[in-house]
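The working numbering applies: residue 4 is where the sequence shown begins, and numbers increase by one.
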Amino acid sequence: MTEDEWLTLNAGLMLNYVEQNCNPSPRKLRLLATVYARFLETQPEYADSKHVAHLGDEIVDGGRTLEELWDQSIRGWGYDGDWAIANLVLTDGRIGNTIRMHLAGIKKSTPDSVTRGIEVQQHCAVLRPYILCILDNPFRPVAFDPAWRTSDVVALAQGIYADRAFDRMPILADALQEAGCDNTDVLTHCRADTVHARGCWVVDGVLGKA
4 MTEDEWLTLN AGLMLNYVEQ NCNPSPRKLR LLATVYARFL ETQPEYADSK HVAHLGDEIV
64 DGGRTLEELW DQSIRGWGYD GDWAIANLVL TDGRIGNTIR MHLAGIKKST PDSVTRGIEV
124 QQHCAVLRPY ILCILDNPFR PVAFDPAWRT SDVVALAQGI YADRAFDRMP ILADALQEAG
184 CDNTDVLTHC RADTVHARGC WVVDGVLGKA
């Protein structure tokens, strides 16, 4: 598959290619699932959800285990929506496959074909920019030069990650450029008018997170 072909795929197929060919880390995939779960919690069908998407963050950055969270946070739930969202962020297996299964579930649970198609397209449109932000373009790998990791660059990246302050990404681009980074993909991603999330490949690259 070429880069142009990959970029024409829908979100589910893009994710499938990355999973099968690039071995993304469980952390990256869980952060992607957490972003998707947060989107689901804004949808009318999940209006009564207990809002559990944050559990994905607790595993990635809070030192919690899957076993703890299933046992302490989910025991006794009766609402199907909570289980659906929790399964996205707390699955202990192929996380990308769980995301694709959720997309497939839309097709099965929505009887009207027109409505079903629109809903799947909406979900894929939400996921696509986050796939590019978190998993990056597999055809354009970037090796981060240690010289780029000046104290200013690292401090900015740490603050962006901790505070989810992605409005600071253009400032990070300036700092990286001052540190000698001339990689167009890195600088363009920081300055692009697009979504960012924890797991952003540039922020992770600066911080050495896989």
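A virtual CB, placed ideally from N, CA and C, is assigned to each residue, including glycine.
Here DSSP, grouped into helix, strand and coil, assigns residue 61 to helix. Our two residues, residue 169 and residue 139, have alpha carbons roughly 16 Å apart in a direct line. Distance from the CA atom of residue 154 to the CA atom of residue 136, rounded to whole angstroms, is 24 Å.
With a 10 Å radius around the Cβ and a threshold of 16 neighbouring Cβ atoms, residue 37 comes out buried.
In the DSSP annotation of this structure, the continuous segment of the alpha helix (DSSP H) that includes residue 154 starts and ends at 154 to 166. Between residue 32 and residue 98, the gap from beta carbon to beta carbon is short of 7 Å. Boundaries of the alpha helix (DSSP H) around residue 22: 14 to 25.
Closest by C-alpha distance to residue 200, out of 187, 7, 51, 40, is 40. In the structure shown, residue 138 adopts coil according to DSSP, grouped into three states. In the structure shown, the three-state DSSP call for residue 194 is helix.
By the neighbour-count criterion, in which 16 or more other beta carbons inside 10 Å mark a residue as buried, residue 211 falls on the exposed side. The shortest CA-to-CA distance from residue 130 to any of 11, 6, 18 is the one to 18.
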